[in-house]
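Residue numbers (the working numbering): 7 to 438.
The structure is reproduced here in C-alpha coordinates:
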(Lines of atoms letter the chains of each structure in order from A and count residues from 1; the text may use other names and numbers.)
(Lines give C-alpha, C1' and ligand atoms only; values in the text may rest on other atoms or scores of the structure.)
Protein backbone atom coordinates (compact mmCIF):
# COMPACT_ATOMS: atom_id res chain seq x y z
CA UNK A 1 0.00 0.00 0.00
CA UNK A 2 1.31 3.45 -0.98
CA UNK A 3 2.40 5.43 2.06
CA UNK A 4 0.58 8.75 2.40
CA UNK A 5 2.78 11.71 1.47
CA UNK A 6 2.46 15.49 1.77
CA UNK A 7 3.56 17.25 -1.41
CA UNK A 8 4.38 20.98 -1.34
CA UNK A 9 3.34 23.18 -4.25
CA UNK A 10 5.55 25.95 -2.86
CA UNK A 11 9.01 24.50 -2.08
CA UNK A 12 9.62 23.98 1.59
CA UNK A 13 13.03 25.68 1.52
CA UNK A 14 11.27 28.86 0.32
CA UNK A 15 8.53 28.65 2.94
CA UNK A 16 11.20 28.58 5.65
CA UNK A 17 12.35 32.10 4.76
CA UNK A 18 9.03 33.42 6.09
CA UNK A 19 9.68 32.00 9.57
CA UNK A 20 11.21 34.14 12.32
CA UNK A 21 13.91 31.58 13.09
CA UNK A 22 15.13 31.18 9.50
CA UNK A 23 18.90 31.43 9.11
CA UNK A 24 20.80 31.04 5.86
CA UNK A 25 22.94 27.99 6.53
CA UNK A 26 23.82 24.81 4.69
CA UNK A 27 21.65 22.94 7.18
CA UNK A 28 18.50 24.32 5.54
CA UNK A 29 19.27 22.65 2.24
CA UNK A 30 16.58 20.13 1.24
CA UNK A 31 19.09 18.06 -0.73
CA UNK A 32 22.67 16.93 -0.44
CA UNK A 33 24.65 16.17 -3.58
CA UNK A 34 27.34 13.48 -3.58
CA UNK A 35 29.53 12.45 -6.52
CA UNK A 36 27.21 9.49 -7.14
CA UNK A 37 23.72 10.56 -6.11
CA UNK A 38 21.32 13.26 -4.97
CA UNK A 39 20.11 12.65 -1.42
CA UNK A 40 17.07 14.19 0.28
CA UNK A 41 18.03 15.19 3.82
CA UNK A 42 14.62 14.24 5.22
CA UNK A 43 15.19 10.65 4.03
CA UNK A 44 18.57 10.26 5.74
CA UNK A 45 19.15 8.64 9.09
CA UNK A 46 20.49 10.62 12.04
CA UNK A 47 23.85 8.84 11.68
CA UNK A 48 24.08 9.85 8.00
CA UNK A 49 23.22 13.46 8.83
CA UNK A 50 25.99 13.50 11.43
CA UNK A 51 28.46 12.13 8.89
CA UNK A 52 27.45 14.83 6.40
CA UNK A 53 27.78 17.57 9.02
CA UNK A 54 24.05 18.37 8.90
CA UNK A 55 23.36 17.53 12.55
CA UNK A 56 25.21 18.34 15.72
CA UNK A 57 25.66 15.39 18.02
CA UNK A 58 23.90 15.72 21.32
CA UNK A 59 25.93 16.76 24.28
CA UNK A 60 25.95 14.43 27.25
CA UNK A 61 22.79 15.01 29.25
CA UNK A 62 23.08 16.62 32.62
CA UNK A 63 20.82 15.62 35.47
CA UNK A 64 17.40 17.12 35.11
CA UNK A 65 14.94 17.01 32.28
CA UNK A 66 16.46 17.77 28.86
CA UNK A 67 19.39 19.73 30.28
CA UNK A 68 22.28 19.81 27.89
CA UNK A 69 20.24 18.42 25.01
CA UNK A 70 20.28 20.17 21.65
CA UNK A 71 17.79 19.75 18.81
CA UNK A 72 19.37 18.19 15.72
CA UNK A 73 19.90 21.11 13.36
CA UNK A 74 18.62 19.12 10.38
CA UNK A 75 15.28 18.71 12.17
CA UNK A 76 14.73 22.30 13.26
CA UNK A 77 11.08 23.32 12.94
CA UNK A 78 9.97 26.49 11.15
CA UNK A 79 6.58 28.13 11.63
CA UNK A 80 5.05 30.83 9.43
CA UNK A 81 2.04 33.16 9.58
CA UNK A 82 -0.83 31.69 7.57
CA UNK A 83 -3.99 33.77 7.22
CA UNK A 84 -7.02 31.55 6.51
CA UNK A 85 -9.40 33.31 4.16
CA UNK A 86 -12.48 31.30 5.11
CA UNK A 87 -12.44 31.88 8.88
CA UNK A 88 -10.36 35.09 8.74
CA UNK A 89 -7.82 34.05 11.33
CA UNK A 90 -4.03 33.94 11.35
CA UNK A 91 -2.26 30.89 12.76
CA UNK A 92 1.36 29.77 13.08
CA UNK A 93 1.74 26.78 10.75
CA UNK A 94 4.66 24.37 10.51
CA UNK A 95 6.14 24.58 7.00
CA UNK A 96 6.12 20.78 6.94
CA UNK A 97 2.33 20.96 6.51
CA UNK A 98 1.86 24.31 4.76
CA UNK A 99 1.09 25.02 1.10
CA UNK A 100 0.69 21.48 -0.11
CA UNK A 101 -1.68 18.55 -0.30
CA UNK A 102 -1.69 14.91 0.74
CA UNK A 103 -1.07 12.36 -1.98
CA UNK A 104 -0.83 14.61 -5.03
CA UNK A 105 -0.02 11.58 -7.18
CA UNK A 106 -3.10 9.43 -6.68
CA UNK A 107 -3.68 6.04 -8.28
CA UNK A 108 -0.04 5.39 -9.18
CA UNK A 109 2.50 2.97 -7.79
CA UNK A 110 4.95 3.92 -5.05
CA UNK A 111 7.81 3.16 -7.44
CA UNK A 112 6.50 5.63 -10.05
CA UNK A 113 5.84 8.26 -7.36
CA UNK A 114 9.41 8.01 -6.07
CA UNK A 115 10.78 8.12 -9.60
CA UNK A 116 9.05 11.37 -10.47
CA UNK A 117 9.82 12.95 -7.11
CA UNK A 118 13.51 12.13 -7.61
CA UNK A 119 13.52 13.70 -11.08
CA UNK A 120 11.81 16.79 -9.65
CA UNK A 121 14.31 16.84 -6.76
CA UNK A 122 17.18 17.06 -9.24
CA UNK A 123 15.61 20.16 -10.80
CA UNK A 124 14.90 21.60 -7.34
CA UNK A 125 18.54 21.13 -6.37
CA UNK A 126 19.65 23.29 -9.31
CA UNK A 127 17.01 25.94 -8.59
CA UNK A 128 17.68 26.00 -4.84
CA UNK A 129 21.42 26.48 -5.38
CA UNK A 130 20.75 29.58 -7.49
CA UNK A 131 18.06 30.89 -5.14
CA UNK A 132 20.47 30.59 -2.20
CA UNK A 133 22.94 32.68 -4.19
CA UNK A 134 20.20 35.32 -4.48
CA UNK A 135 19.66 35.24 -0.71
CA UNK A 136 23.29 35.40 0.40
CA UNK A 137 24.56 38.10 -1.95
CA UNK A 138 26.70 35.80 -4.09
CA UNK A 139 27.53 36.29 -7.74
CA UNK A 140 24.44 35.30 -9.75
CA UNK A 141 25.83 33.14 -12.54
CA UNK A 142 24.30 30.08 -14.21
CA UNK A 143 25.17 27.91 -17.16
CA UNK A 144 22.67 27.59 -19.97
CA UNK A 145 21.76 24.08 -18.77
CA UNK A 146 21.26 25.28 -15.18
CA UNK A 147 19.09 28.16 -16.41
CA UNK A 148 16.92 25.77 -18.41
CA UNK A 149 16.57 23.43 -15.43
CA UNK A 150 15.62 26.28 -13.09
CA UNK A 151 12.97 27.68 -15.44
CA UNK A 152 11.63 24.17 -16.00
CA UNK A 153 11.38 23.67 -12.22
CA UNK A 154 9.51 26.95 -11.73
CA UNK A 155 7.06 26.09 -14.52
CA UNK A 156 6.44 22.59 -13.13
CA UNK A 157 5.84 23.92 -9.61
CA UNK A 158 3.31 26.37 -11.03
CA UNK A 159 1.62 23.62 -13.07
CA UNK A 160 1.24 21.27 -10.10
CA UNK A 161 -0.11 24.05 -7.90
CA UNK A 162 -3.75 24.17 -6.75
CA UNK A 163 -4.97 26.56 -9.45
CA UNK A 164 -3.96 24.51 -12.48
CA UNK A 165 -4.64 21.19 -10.81
CA UNK A 166 -8.07 22.46 -9.72
CA UNK A 167 -8.97 23.29 -13.32
CA UNK A 168 -8.71 19.61 -14.22
CA UNK A 169 -10.25 18.18 -11.05
CA UNK A 170 -13.19 20.59 -11.21
CA UNK A 171 -13.37 20.68 -15.04
CA UNK A 172 -13.13 24.47 -15.27
CA UNK A 173 -12.43 25.14 -18.98
CA UNK A 174 -13.98 27.19 -21.74
CA UNK A 175 -15.62 25.27 -24.60
CA UNK A 176 -12.70 25.51 -27.03
CA UNK A 177 -10.10 24.35 -24.49
CA UNK A 178 -12.38 21.57 -23.28
CA UNK A 179 -12.83 20.34 -26.86
CA UNK A 180 -9.05 20.14 -27.35
CA UNK A 181 -8.70 18.22 -24.07
CA UNK A 182 -11.35 15.70 -25.14
CA UNK A 183 -9.56 15.24 -28.46
CA UNK A 184 -6.27 14.71 -26.61
CA UNK A 185 -7.92 12.10 -24.39
CA UNK A 186 -9.13 10.18 -27.46
CA UNK A 187 -5.69 10.33 -29.10
CA UNK A 188 -3.96 9.04 -25.96
CA UNK A 189 -6.62 6.64 -24.64
CA UNK A 190 -7.11 8.64 -21.40
CA UNK A 191 -10.40 7.89 -19.65
CA UNK A 192 -10.69 10.68 -17.05
CA UNK A 193 -10.05 14.38 -17.57
CA UNK A 194 -8.30 14.47 -14.17
CA UNK A 195 -5.73 12.01 -15.52
CA UNK A 196 -4.79 14.50 -18.25
CA UNK A 197 -3.31 16.75 -15.56
CA UNK A 198 -1.10 13.99 -14.19
CA UNK A 199 -0.03 12.67 -17.61
CA UNK A 200 0.97 16.22 -18.57
CA UNK A 201 2.93 16.57 -15.32
CA UNK A 202 4.71 13.23 -15.74
CA UNK A 203 5.78 14.08 -19.27
CA UNK A 204 7.07 17.54 -18.34
CA UNK A 205 9.10 16.13 -15.44
CA UNK A 206 10.70 13.22 -17.30
CA UNK A 207 11.29 14.85 -20.71
CA UNK A 208 14.56 16.75 -21.34
CA UNK A 209 14.19 20.49 -21.84
CA UNK A 210 15.12 20.59 -25.52
CA UNK A 211 12.79 17.72 -26.39
CA UNK A 212 9.91 19.68 -24.86
CA UNK A 213 10.82 22.76 -26.92
CA UNK A 214 11.12 20.67 -30.09
CA UNK A 215 7.70 19.11 -29.45
CA UNK A 216 6.21 22.60 -29.08
CA UNK A 217 7.72 23.61 -32.42
CA UNK A 218 6.08 20.54 -33.97
CA UNK A 219 2.71 21.57 -32.51
CA UNK A 220 3.12 25.08 -33.90
CA UNK A 221 3.92 23.66 -37.33
CA UNK A 222 0.67 21.67 -37.24
CA UNK A 223 -1.26 24.89 -36.65
CA UNK A 224 0.64 26.58 -39.49
CA UNK A 225 -0.40 23.82 -41.89
CA UNK A 226 -4.05 24.09 -40.80
CA UNK A 227 -3.99 27.86 -41.30
CA UNK A 228 -2.49 27.46 -44.77
CA UNK A 229 -5.20 25.01 -45.80
CA UNK A 230 -8.06 27.08 -44.41
CA UNK A 231 -6.70 30.50 -45.28
CA UNK A 232 -7.08 31.46 -41.62
CA UNK A 233 -5.10 34.08 -39.76
CA UNK A 234 -3.78 34.12 -36.23
CA UNK A 235 -2.86 31.17 -34.04
CA UNK A 236 -5.97 30.01 -32.21
CA UNK A 237 -6.36 26.92 -30.08
CA UNK A 238 -8.93 25.58 -32.57
CA UNK A 239 -6.17 25.09 -35.13
CA UNK A 240 -4.21 23.02 -32.62
CA UNK A 241 -6.85 20.28 -32.41
CA UNK A 242 -5.13 18.38 -35.22
CA UNK A 243 -1.98 18.02 -33.13
CA UNK A 244 -1.45 14.56 -31.65
CA UNK A 245 1.24 14.31 -28.99
CA UNK A 246 2.13 13.16 -25.48
CA UNK A 247 0.81 16.28 -23.74
CA UNK A 248 -2.24 18.50 -24.08
CA UNK A 249 -1.32 21.16 -26.62
CA UNK A 250 -2.41 24.16 -24.53
CA UNK A 251 -0.13 23.14 -21.66
CA UNK A 252 2.71 22.39 -24.07
CA UNK A 253 2.55 25.85 -25.63
CA UNK A 254 2.12 27.54 -22.25
CA UNK A 255 5.31 25.84 -21.05
CA UNK A 256 7.08 26.76 -24.31
CA UNK A 257 6.24 30.45 -24.03
CA UNK A 258 7.32 30.56 -20.39
CA UNK A 259 10.68 29.08 -21.32
CA UNK A 260 11.24 31.84 -23.89
CA UNK A 261 10.87 34.53 -21.19
CA UNK A 262 14.05 35.88 -19.66
CA UNK A 263 14.92 36.02 -15.97
CA UNK A 264 15.09 39.09 -13.75
CA UNK A 265 15.83 39.13 -10.01
CA UNK A 266 13.74 41.63 -8.05
CA UNK A 267 14.82 42.80 -4.59
CA UNK A 268 12.22 44.54 -2.42
CA UNK A 269 13.07 48.03 -1.21
CA UNK A 270 13.72 48.22 2.51
CA UNK A 271 10.45 48.61 4.39
CA UNK A 272 8.54 46.35 2.03
CA UNK A 273 8.30 42.57 1.59
CA UNK A 274 6.82 40.10 -0.83
CA UNK A 275 4.02 37.87 0.47
CA UNK A 276 2.93 34.30 -0.29
CA UNK A 277 -0.36 32.86 -1.49
CA UNK A 278 -1.28 29.69 -3.37
CA UNK A 279 -0.85 31.69 -6.58
CA UNK A 280 2.47 33.39 -5.82
CA UNK A 281 4.32 30.76 -7.85
CA UNK A 282 3.51 31.82 -11.38
CA UNK A 283 0.89 34.57 -11.04
CA UNK A 284 1.17 36.92 -13.96
CA UNK A 285 0.56 40.49 -15.03
CA UNK A 286 -0.66 40.94 -18.57
CA UNK A 287 -3.48 41.92 -20.87
CA UNK A 288 -6.11 39.84 -22.64
CA UNK A 289 -4.46 36.58 -21.64
CA UNK A 290 -1.05 37.75 -22.88
CA UNK A 291 1.53 37.53 -20.11
CA UNK A 292 4.02 40.34 -19.50
CA UNK A 293 5.54 39.12 -16.21
CA UNK A 294 5.41 35.82 -14.30
CA UNK A 295 6.19 36.14 -10.57
CA UNK A 296 7.86 33.52 -8.38
CA UNK A 297 8.40 34.71 -4.79
CA UNK A 298 11.50 33.04 -3.30
CA UNK A 299 11.69 34.92 0.02
CA UNK A 300 10.17 38.02 1.67
CA UNK A 301 12.98 40.02 0.08
CA UNK A 302 13.32 38.48 -3.39
CA UNK A 303 11.27 37.32 -6.37
CA UNK A 304 12.32 35.70 -9.62
CA UNK A 305 10.41 37.31 -12.49
CA UNK A 306 10.10 35.80 -15.96
CA UNK A 307 9.77 38.69 -18.42
CA UNK A 308 8.31 38.57 -21.91
CA UNK A 309 11.14 38.60 -24.45
CA UNK A 310 9.54 41.44 -26.46
CA UNK A 311 10.89 43.78 -23.78
CA UNK A 312 14.43 42.55 -24.52
CA UNK A 313 13.92 43.06 -28.26
CA UNK A 314 12.24 46.46 -27.90
CA UNK A 315 9.11 45.26 -29.74
CA UNK A 316 6.58 45.46 -26.90
CA UNK A 317 5.19 48.80 -28.10
CA UNK A 318 4.23 47.24 -31.44
CA UNK A 319 1.71 44.90 -29.81
CA UNK A 320 -1.94 46.02 -29.44
CA UNK A 321 -1.82 45.70 -25.66
CA UNK A 322 -1.99 48.05 -22.69
CA UNK A 323 1.18 49.26 -21.04
CA UNK A 324 2.54 47.16 -18.23
CA UNK A 325 1.99 48.34 -14.67
CA UNK A 326 5.73 47.94 -14.11
CA UNK A 327 8.44 50.21 -15.47
CA UNK A 328 11.05 48.87 -17.89
CA UNK A 329 13.64 50.10 -15.39
CA UNK A 330 12.82 46.88 -13.52
CA UNK A 331 14.24 44.82 -16.41
CA UNK A 332 17.90 43.95 -16.90
CA UNK A 333 19.34 41.70 -19.59
CA UNK A 334 21.88 39.19 -18.30
CA UNK A 335 25.50 39.46 -19.30
CA UNK A 336 26.24 36.42 -21.45
CA UNK A 337 29.62 34.76 -21.75
CA UNK A 338 29.69 32.44 -24.75
CA UNK A 339 32.06 29.48 -24.74
CA UNK A 340 32.65 30.07 -28.47
CA UNK A 341 33.14 33.81 -28.04
CA UNK A 342 30.79 36.68 -28.94
CA UNK A 343 28.41 35.61 -31.73
CA UNK A 344 28.66 37.12 -35.19
CA UNK A 345 25.71 38.98 -36.62
CA UNK A 346 24.50 36.08 -38.78
CA UNK A 347 25.10 33.30 -36.25
CA UNK A 348 22.74 30.37 -35.74
CA UNK A 349 21.62 29.05 -32.37
CA UNK A 350 22.54 25.48 -33.28
CA UNK A 351 26.11 26.34 -34.21
CA UNK A 352 26.96 28.86 -31.48
CA UNK A 353 25.04 28.11 -28.27
CA UNK A 354 26.56 25.59 -25.85
CA UNK A 355 25.28 24.08 -22.57
CA UNK A 356 28.15 25.78 -20.70
CA UNK A 357 27.48 29.36 -21.82
CA UNK A 358 27.30 31.57 -18.69
CA UNK A 359 24.51 34.01 -17.81
CA UNK A 360 25.28 36.65 -15.18
CA UNK A 361 22.39 38.40 -13.43
CA UNK A 362 22.01 41.46 -11.22
CA UNK A 363 19.59 42.16 -8.37
CA UNK A 364 17.15 44.90 -9.34
CA UNK A 365 15.94 47.15 -6.51
CA UNK A 366 12.16 47.39 -6.66
CA UNK A 367 10.39 50.42 -5.11
CA UNK A 368 7.89 49.75 -2.34
CA UNK A 369 4.91 50.70 -4.50
CA UNK A 370 5.86 48.05 -7.08
CA UNK A 371 6.41 45.40 -4.39
CA UNK A 372 2.94 46.17 -3.01
CA UNK A 373 1.54 46.03 -6.56
CA UNK A 374 2.97 42.52 -7.05
CA UNK A 375 1.45 41.53 -3.71
CA UNK A 376 -1.87 43.06 -4.79
CA UNK A 377 -1.93 40.66 -7.74
CA UNK A 378 -1.68 37.81 -5.22
CA UNK A 379 -4.28 39.39 -2.94
CA UNK A 380 -6.82 39.59 -5.76
CA UNK A 381 -6.11 36.02 -6.94
CA UNK A 382 -6.04 34.37 -3.50
CA UNK A 383 -8.06 31.26 -2.69
CA UNK A 384 -7.52 29.92 0.84
CA UNK A 385 -4.29 31.21 2.38
CA UNK A 386 -1.96 34.21 2.64
CA UNK A 387 1.44 34.37 4.35
CA UNK A 388 3.47 37.38 5.42
CA UNK A 389 6.55 37.83 7.56
CA UNK A 390 6.33 41.46 8.66
CA UNK A 391 3.01 42.67 10.09
CA UNK A 392 3.96 46.27 9.36
CA UNK A 393 4.74 45.59 5.70
CA UNK A 394 1.58 43.52 5.29
CA UNK A 395 -0.57 46.30 6.73
CA UNK A 396 0.97 48.82 4.32
CA UNK A 397 0.39 46.38 1.47
CA UNK A 398 -3.31 45.94 2.30
CA UNK A 399 -3.78 49.71 2.47
CA UNK A 400 -2.13 50.00 -0.96
CA UNK A 401 -4.42 47.29 -2.36
CA UNK A 402 -7.45 49.20 -1.11
CA UNK A 403 -6.27 52.26 -3.05
CA UNK A 404 -5.74 50.50 -6.39
CA UNK A 405 -8.18 47.56 -6.41
CA UNK A 406 -11.14 49.45 -7.91
CA UNK A 407 -9.12 50.59 -10.96
CA UNK A 408 -6.89 47.56 -11.55
CA UNK A 409 -8.44 44.37 -10.19
CA UNK A 410 -11.40 42.11 -10.75
CA UNK A 411 -12.43 40.81 -7.33
CA UNK A 412 -11.66 43.81 -5.07
CA UNK A 413 -11.64 41.78 -1.86
CA UNK A 414 -12.27 43.27 1.57
CA UNK A 415 -9.39 42.64 3.99
CA UNK A 416 -10.62 44.93 6.76
CA UNK A 417 -10.58 42.15 9.40
CA UNK A 418 -6.96 41.22 8.62
CA UNK A 419 -5.99 44.90 8.68
CA UNK A 420 -7.55 45.27 12.11
CA UNK A 421 -5.72 42.17 13.36
CA UNK A 422 -2.39 43.48 12.06
CA UNK A 423 -3.01 46.92 13.54
CA UNK A 424 -3.80 45.43 16.96
CA UNK A 425 -0.75 43.15 16.80
CA UNK A 426 1.52 46.10 16.05
CA UNK A 427 0.02 48.15 18.88
CA UNK A 428 0.55 45.29 21.34
CA UNK A 429 4.17 44.97 20.20
CA UNK A 430 4.86 48.69 20.57
CA UNK A 431 3.15 48.97 23.96
CA UNK A 432 4.91 45.98 25.52
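Virtual Cβ for every residue (Gly too), placed ideally from N, Cα, C.
Computed from a prediction, not measured in an experiment: that's the story for all the values here.
- Distance between residue 393 and residue 234, taken at the CA atoms: about 50 Å.
- Here residue 14 carries a strand assignment [DSSP, helix/strand/coil].
- Secondary structure at residue 200: helix, using DSSP grouped into helix, strand and coil.
- Under the three-state reduction of DSSP output, residue 380 falls in the helix class.
- Within a 10 Å sphere around the beta-carbon of residue 269 sit 16 or more other beta-carbons, which makes this residue buried.
- Taking 8 Å as the cut-off, the beta carbon of residue 287 is found closer than this to the beta carbon of residue 16.
- Here the alpha carbons of residue 310 and residue 331 stand approximately 17 Å from one another.
- Bridge partners of residue 343 according to DSSP: 364.
- In the structure shown, residue 9 adopts coil according to DSSP, grouped into three states.
- Per the Cβ contact rule, the stretch 395-406 is in contact with the stretch 270-285 (3 or more Cβ pairs under 8 Å).
- Nearest Cα to residue 250 within the set 226, 261, 11, 409: 226.
- Contact annotation, residue 168 with residue 389: C-beta distance approximately 7 Å; criterion of less than 8 Å satisfied.
- For residue 175, the enclosing alpha helix (DSSP H) has its first and last residue at 168-175.
- The three-state reading of DSSP puts residue 208 in helix, counting H, G and I together.
- Spatial neighbours of residue 327 in its own chain (CB-CB distance under 7 Å, excluding positions within 5 residues in sequence) are listed in chain order as 293, 294, 296.
- If you compare the alpha carbons of 426, 255, 206 with that of residue 223, the shortest gap goes to 255.
- From the listed residues 188, 154, 90, the smallest Cα separation to residue 360 is found for 154.
- Contact between residue 339 and residue 322 does not hold, since the beta-carbon distance rounds to 14 Å and is not under 8 Å.
- Membership of residue 356 in the alpha helix (DSSP H) is indicated by the continuous run 355-358.
- CA-CA distance, residue 245 to residue 336, rounds to 36 Å.
- Here DSSP, grouped into helix, strand and coil, assigns residue 229 to helix.
- DSSP, read as helix, strand or coil, puts residue 270 in strand.
- Here residue 165 is not near residue 199, since their CB atoms are 8 Å or more apart.
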